[in-house]
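In this note's numbering, the protein residues as written are 17 to 294.
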């Protein structure tokens, strides 16, 4: 009797989780399906996931639009995200190494000041950054997006904790062998903390790739714009091209899915690395 009740409970739980899973994935399926429908069918048949009138016209509209250059937005976003990840990987990891493995006067005090910056809401910094970027001459350029994202105190804190967990005996043995700090950082610390670094890069990639507000505020030239803002332009005016919007959103999501699958192993390790430590 008890086994029967246990089986019934498992069936009910499975059904509930299946329904919740379908509810969560339906918007994604709707987006992909709508990208292959004529714009007039997107809202008229929202529950029809298999397009009745299959078409590639939405993708043709994206890349052959006389008013907007979707390929140029895509290239801008790829360059911006790539430079952001490159600079962020170096700046954040080398800073975390300095605060975890190098003893210098005022280290803990400076680190506490950096942590205090986490308490400042990001929206408060919009106007000061706008003025600073304008004075530096980088307003309306990709650098206004790259530089703020490359300096991330949150990930400095997380990676510092990961670097601190590495025994100092490894660094001391390397110094005895004649290694300098940069060699220890590159050959010992980074390889041992690759799951945490990969997790940082994955999150940073998603945030930079999908960011809407920052490009919208700091870039006014349509030819220098990013994908997230560019797709929104397909809904400007009285006539909204829902099919082109869905096709653009599908193409934007493809790199995110690929990045997750490529980093899935390190991502899971990075999330669970501290779960067995007590």
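Idealized CB from N, CA, C, for every residue including glycine.
According to DSSP, simplified to helix, strand and coil, what is residue 226?
helix
Can you tell which of 120, 96, 258 and 278 has its C-alpha closest to the C-alpha of residue 163?
Among 120, 96, 258 and 278, the Cα nearest to that of residue 163 is on 96.
Pull up the distance between the alpha-carbon of residue 275 and that of residue 141, whole angstroms please.
30 Å
Which runs of the alpha helix (DSSP H), 4 residues or longer, sit entirely within the region 127 to 159?
142 to 152
Please state whether DSSP places residue 277 in a helix, a strand or coil.
Helix.
Span of the alpha helix (DSSP H), counted from its first residue to its last, around residue 103:
Counting along the chain, the alpha helix (DSSP H) containing residue 103 begins and ends at 86 to 117.
Among 83, 115, 84 and 50, which has the Cα closest to the Cα of residue 70?
50
Within this structure, are the beta carbons of residue 245 and residue 231 separated by less than 8 Å?
yes
Please state whether DSSP places residue 78 in a helix, a strand or coil.
Note: residue 78 maps to helix in three-state DSSP.
From residue 148 to residue 161, what distance separates their C-alpha atoms?
13 Å
On a Cα-Cα basis, can you pick out the residue from 263, 191, 59 and 166 that is closest to residue 102?
166
Reduced DSSP category for residue 183 - H, G, I as helix; E, B as strand; rest coil
coil
Interface flag, residue 51 vs chain D, CB-CB below 8 Å:
Reference to chain D is not applicable here, since this structure consists of a single protein chain.
Rounded to whole angstroms, what's the CA-CA distance from residue 254 to residue 125? Just pull it up for me.
Caution applies to residue 254, whose pLDDT of 48 falls short of 50 and renders its modelled position unreliable; the value that the coordinates give is listed next. Approximately 56 Å between the Cα atoms of the pair.
Can you look up residue 207 in the DSSP assignment and give me helix, strand or coil?
helix
Give me, in chain order, the residues of the same chain whose beta-carbon lies closer than 8 Å to that of residue 224; leave out the 5 immediate sequence neighbours on both sides.
96, 97, 100, 101, 161 and 165
Measure the alpha-carbon distance for residue 115 versus residue 277 and round it to whole angstroms.
32 Å
Test item: CB-CB of residue 258 and residue 60 under 8 Å:
no
Figure out for me which residue from 121, 139 and 64 has the closest Cα to the Cα of residue 43.
64
Quick one: is residue 90 buried, meaning 16 or more other Cβ sit within 10 Å of its Cβ, or exposed?
So residue 90 ends up on the buried side.
Just checking my contact of residue 212 with residue 178 at CB under 8 Å: how many whole Å lie between their CB atoms?
4 Å
On the three-state DSSP scale, how would you describe residue 68?
Coil, per DSSP.
Distance check for residue 175 and residue 134, CA to CA, integer angstroms please.
The alpha-carbon atoms of residue 134 and residue 175 are separated by roughly 15 Å.
Where residue 26 sits in the DSSP three-state scheme:
Helix, per DSSP.
Range of the contiguous alpha helix (DSSP H) that encloses residue 57:
It spans 55 to 58 - the alpha helix (DSSP H) in which residue 57 sits, taken as one unbroken run.
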